[in-house]
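Let me begin by presenting the structure, written as structure tokens, before commenting on it.
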Amino acid sequence: MSTDVELAITGMTCASCANRIERKLNKLDGVTATVNYATEKAKVSYPGNVSTDDLLRTVEAAGYVAALPTPPDAGAPAEGPAVDPLLQRLLVSTALSIPVVAMAMVPAWQFTSWQWASLALAAPVVVWGAWPFHRAAWTNLRHGATTMDTLVSVGVLAAFGWSLWALFLGTAGEPGMTHAFRISIDRTDGAGNIYLEAAAGVTTFLLAGRWLEHRSKRQSGAALRALLELGARDVAVVREGVETRIPTDQLAVGDTFVVRPGEKVATDGEVVEGTSAVDASMLTGESVPVEVRPGDTVVGGCVNAGGRLLVRATRVGADTQLAQMARLVEDAQNGKAEVQRLADRISGVFVPIVIGLAVATLGFWLGAGGGVTAAFTAAVAVLIIACPCALGLATPTALMVGTGRGAQLGILIKGPEVLESTRRVEVIVLDKTGTVTTGEMTVHDVVAADGESPDDVRRLAGALESASEHPIGRAIAASVDVLPPVEDFANREGLGVQGIVEGHAVLVGRPRLLEGWSQHLSPSLVEAVARAQGEGHTPVAVGWDGRARGVIVVGDTIKPTSARAVAGLKELGLTPILLTGDNEAAARHVADRVGIETVVADVLPADKVAEVQRLQAAGKVVAMVGDGVNDAAALAQADLGLAMGTGTDVAIEASDLTLVRGDLLVAVDAIRLSRRTLATIKGNLFWAFAYNVAALPLAAAGLLNPMLAGAAMAFSSVFVVTNSLRLRGFRSSIG
Numbered sequence: 052m053s054t055d056v057e058l059a060i061t062g063m064t065c066a067s068c069a070n071r072i073e074r075k076l077n078k079l080d081g082v083t084a085t086v087n088y089a090t091e092k093a094k095v096s097y098p099g100n101v102s103t104d105d106l107l108r109t110v111e112a113a114g115y116v117a118a119l120p121t122p123p124d125a126g127a128p129a130e131g132p133a134v135d136p137l138l139q140r141l142l143v144s145t146a147l148s149i150p151v152v153a154m155a156m157v158p159a160w161q162f163t164s165w166q167w168a169s170l171a172l173a174a175p176v177v178v179w180g181a182w183p184f185h186r187a188a189w190t191n192l193r194h195g196a197t198t199m200d201t202l203v204s205v206g207v208l209a210a211f212g213w214s215l216w217a218l219f220l221g222t223a224g225e226p227g228m229t230h231a232f233r234i235s236i237d238r239t240d241g242a243g244n245i246y247l248e249a250a251a252g253v254t255t256f257l258l259a260g261r262w263l264e265h266r267s268k269r270q271s272g273a274a275l276r277a278l279l280e281l282g283a284r285d286v287a288v289v290r291e292g293v294e295t296r297i298p299t300d301q302l303a304v305g306d307t308f309v310v311r312p313g314e315k316v317a318t319d320g321e322v323v324e325g326t327s328a329v330d331a332s333m334l335t336g337e338s339v340p341v342e343v344r345p346g347d348t349v350v351g352g353c354v355n356a357g358g359r360l361l362v363r364a365t366r367v368g369a370d371t372q373l374a375q376m377a378r379l380v381e382d383a384q385n386g387k388a389e390v391q392r393l394a395d396r397i398s399g400v401f402v403p404i405v406i407g408l409a410v411a412t413l414g415f416w417l418g419a420g421g422g423v424t425a426a427f428t429a430a431v432a433v434l435i436i437a438c439p440c441a442l443g444l445a446t447p448t449a450l451m452v453g454t455g456r457g458a459q460l461g462i463l464i465k466g467p468e469v470l471e472s473t474r475r476v477e478v479i480v481l482d483k484t485g486t487v488t489t490g491e492m493t494v495h496d497v498v499a500a501d502g503e504s505p506d507d508v509r510r511l512a513g514a515l516e517s518a519s520e521h522p523i524g525r526a527i528a529a530s531v532d533v534l535p536p537v538e539d540f541a542n543r544e545g546l547g548v549q550g551i552v553e554g555h556a557v558l559v560g561r562p563r564l565l566e567g568w569s570q571h572l573s574p575s576l577v578e579a580v581a582r583a584q585g586e587g588h589t590p591v592a593v594g595w596d597g598r599a600r601g602v603i604v605v606g607d608t609i610k611p612t613s614a615r616a617v618a619g620l621k622e623l624g625l626t627p628i629l630l631t632g633d634n635e636a637a638a639r640h641v642a643d644r645v646g647i648e649t650v651v652a653d654v655l656p657a658d659k660v661a662e663v664q665r666l667q668a669a670g671k672v673v674a675m676v677g678d679g680v681n682d683a684a685a686l687a688q689a690d691l692g693l694a695m696g697t698g699t700d701v702a703i704e705a706s707d708l709t710l711v712r713g714d715l716l717v718a719v720d721a722i723r724l725s726r727r728t729l730a731t732i733k734g735n736l737f738w739a740f741a742y743n744v745a746a747l748p749l750a751a752a753g754l755l756n757p758m759l760a761g762a763a764m765a766f767s768s769v770f771v772v773t774n775s776l777r778l779r780g781f782r783s784s785i786g
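Just so you know, we're using the working numbering here: the sequence shown kicks off at 52 and counts up by one.
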């Protein structure tokens with residue numbers, strides 16, 4: 052029998068690191084491991100003859116650090132405003148590199164002994180700024196592997212080492228030395244050339260890319276923290292008849308606690324006393340509040356929207372539905388398919404070839420009698436020209452411009468991995484409440500009995516409901532401009548309300564409430580009730596002075612842009628599916644109105660995850676759009692998660708894209724912009740590699756003049772930046 056454990060991994064710098072750890076763990080007898088670079092976690096299933104110590108030692112033998120998960124009660128350490136060491140490294144390197152690059156590229160700024168000033172500024176960048184690359188390259192070297200870190204480290208050190216040789220042993224250190232701005236192809240011994248701007252510039256560019264990547268990865272745990280923060284922090288518990296407020300984590304199964312109107316239910320439990328409407332929308336997505344009375348169950352995190360409740364705790368801590376949903380989100384995030392960076396994929400072949408070519412160049416020129424200086428010049432030129440300056444800019448510049456333009460349009464893109472998913476998506480799953488619809492209760496229709504005025508029905512019902520705390524009652528009251536005063540107001544358990552308005556004895560609530568007073572609905576009103584229920588709306592009966600006078604239809608409202616958005620998603624080649632916790636009738640009514648053919652209704656949060664997994668198992672690449680806590684796990688499980696910014700923090704943190712405006716039409720723009728940004732990144736990477744491949748033969752032939760190399764490198768970088776800036780012209784489909 053196998054046991055599952057989740058290890059926290061530190062020290063990974065690229066996707067190939069995760070692959071190496073995964074291969075090492077899977078070589079252990081009976082072990083099945085999946086390592087996720089994005090979340091820095093390994094999910095491992097291991098047999099009884101393998102211990103966790105064996106797993107930890109295996110990871111450490113691969114050159115990384117692994118740790119067992121912390122106990123649930125320990126919690127994750129809070130992220131304070133501590134200084135980000137990577138950001139600090141980036142800022143210092145940027146400040147030091149700018150003058151180095153400027154002096155190298157502008158001959159007019161090359162004052163006497165400028166080269167020594169460049170050395171003083173570039174040295175800290177090459178040694179301290181590039182230390183993460185050097186450390187990763189050394190770790191990879193010890194295990195016989197090469198990655199982009201290897202190429203960066205070797206290229207930067209080669210450029211810096213040659214510059215030191217030229218300054219101290221060559222002619223580059225002489226006073227008055229300048230780099231003349233000329234472009235030609237000829238052989239040179241390199242003794243008067245320095246490459247400090249290449250070493251410092253490459254380091255800074257790649258640190259910028261690494262920081263952007265880490266910033267998005269740090270958010271991976273925020274979904275779980277936001278989810279757990281939904282629960283109540285303290286609770287009024289009743290012990291031996293005395294009410295005492297205690298922290299929620301001190302609650303025990305069997306404790307009885309009080310939930311007042313407006314408070315959150317502290318933990319899962321059973322109602323012992325009182326009746327109320329409980330707003331469970333942030334957990335279930337159900338737009339209609341749930342009526343509860345003694346014997347009914349309530350879920351921790353829901354809000355009491357009505358009267359005082361006395362609840363007996365049935366589940367606490369890690370056993371609650373909220374905690375189970377947190378585990379669903381975490382499992383879904385960890386199980387998400389890893390998307391490797393294009394540069395990392397190519398580096399497995401590119402890096403060894405470049406290093407081999409540099410060694411071969413050195414050997415060829417030494418063997419051909421070209422002289423030691425010329426041979427080393429050519430070999431170092433190969434390493435320098437292959438150093439991924441433009442590669443370092445390819446992803447971050449397109450990502451920065453794309454995400455900046457997205458932010459202007461109300462779209463937040465979390466990282467480069469997200470973009471790859473948008474290209475492959477085939478099916479888009481849409482939550483109903485708060486996504487396709489507004490998620491707010493409003494009055495849709497007022498049907499009056501024969502001889503009655505709809506205005507009277509609305510006014511008297513609204514006046515009476517203004518004294519109620521029920522969300523449906525508040526929606527009715529909000530639809531009336533002037534509310535008459537109410538006398539003798541009374542709340543009838545789970546049925547409705549009654550009172551005196553303008554001298555009339557008014558009843559508002561379920562048809563059963565009116566029937567209890569012998570106020571039976573007429574055939575036209577019965578038909579209105581059936582029609583409302585068939586459309587997924589809530590019918591509220593209204594009667595006064597001994598007669599049923601009308602029916603008010605209350606329900607969720609479809610957003611005005613939802614139908615256009617669904618049409619736009621279809622134009623992008625996506626198949627929309629409506630997935631909701633609401634009943635089949637309500638879901639089908641909404642789907643028909645916006646043009647969705649496939650509906651999956653009456654689903655719990657775990658079922659939403661299962662539905663996404665079912666589609667993925669069928670070979671589909673799935674996108675999910677949602678806004679509630681109940682959508683968080685499904686958003687994390689989906690290949691592409693899009694969260695409405697008007698929704699909960701949990702949904703937003705678990706998603707890949709956040710739609711700030713809460714408009715489904717923005718989802719169309721998000722996918723279009725993401726695909727455009729991905730295409731730009733791919734174009735950047737192609738030209739960056741093409742530049743390297745084209746220049747390598749010149750370098751190997753010893754024909755690469757330093758100025759030509761610098762100009763070519765600058766042109767490559769300028770091209771990448773200019774290509775990325777074209778994303779600023781992206782236009783929204785919202786008119």
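The beta-carbon is built from N, C-alpha and C at its ideal position, and this holds for glycine as well.
Sequence-distant residues of the same chain with beta carbon closer than 6 Å to residue i, five excluded per side
i: D707; result: K465, V469, L691, G692
i: L729; result: L470, R474
i: T493; result: A526, T608
i: A117; result: L58, I60, L107, V110
i: A93; result: L58, I60, A84, V86
i: A514; result: L534, P535, V537, V552
i: T255; result: S144, T145, S148
Distance between residue j and residue i (C-alpha atoms, nearest Å)
i: D104; j: D658; result: 36 Å
i: A752; j: A741; result: 18 Å
i: V654; j: T371; result: 19 Å
i: T83; j: R71; result: 14 Å
i: A129; j: P183; result: Confidence at A129 is low in this model, with a pLDDT of 42, below 50, so the placement of that residue should be treated as unreliable; the coordinate-derived value is given next. Approximately 25 Å, taken between the alpha carbons.
i: L511; j: G597; result: 14 Å
i: L630; j: A661; result: 11 Å
i: A721; j: L686; result: 15 Å
i: A500; j: A369; result: 53 Å
i: L373; j: N681; result: 10 Å
i: L558; j: G502; result: 18 Å
i: S783; j: L460; result: 7 Å
i: D285; j: T307; result: 14 Å
Cβ-based burial, residue i [other Cβ within 10 Å; buried from 16]
i: H521; result: buried
i: A411; result: exposed
i: P757; result: Low confidence applies here, because P757 scores a pLDDT of 47, under 50, leaving its location unreliable; read the following figure in that light. So P757 ends up on the buried side.
i: P574; result: exposed
i: S569; result: exposed
i: E578; result: exposed
i: F219; result: exposed
i: V152; result: buried
Contacting residues, own chain, Cβ-Cβ under 7 Å from residue i (five flanking each side not counted)
i: L546; result: G560, R561, R563, L564
i: E294; result: A287, V309
i: V350; result: V316, D319, A331, L334, Q372
Closest residue to residue i among the options (Cα-Cα distance)
i: V400; options: I732, T197, G81; result: T197
i: L576; options: E586, V604, G554; result: V604
i: E321; options: P611, V557, V367, R290; result: V367
i: D55; options: D330, K315, G99, A317; result: G99
i: E477; options: P627, T488, W179, Q549; result: P627
i: M228; options: R193, W167, A430; result: W167
i: L142; options: R74, L79, A251; result: A251
Supposed contact pair residue j and residue i - C-beta distance, whole angstroms, cut 8 Å
i: L434; j: G206; result: 5 Å
i: P312; j: N355; result: 6 Å
i: N743; j: I436; result: 7 Å
i: G282; j: G352; result: 5 Å
Any C-beta of chain D under 8 Å from that of residue i
i: L147; result: The structure shown contains no chain D; it holds only a single protein chain.
Other residues of its chain near residue i: CB distance less than 8 Å, five sequence neighbours each side excluded
i: N634; result: G587, A652, D653
i: P226; result: T163, S164
i: V423; result: L417
i: V663; result: V480, V673, M675, A685, Q688, A689
i: S402; result: Here the sequence assigns Val to residue 402, which means Ser is not the residue at that position. Around V402: T197, T198, M199, T201, L202.
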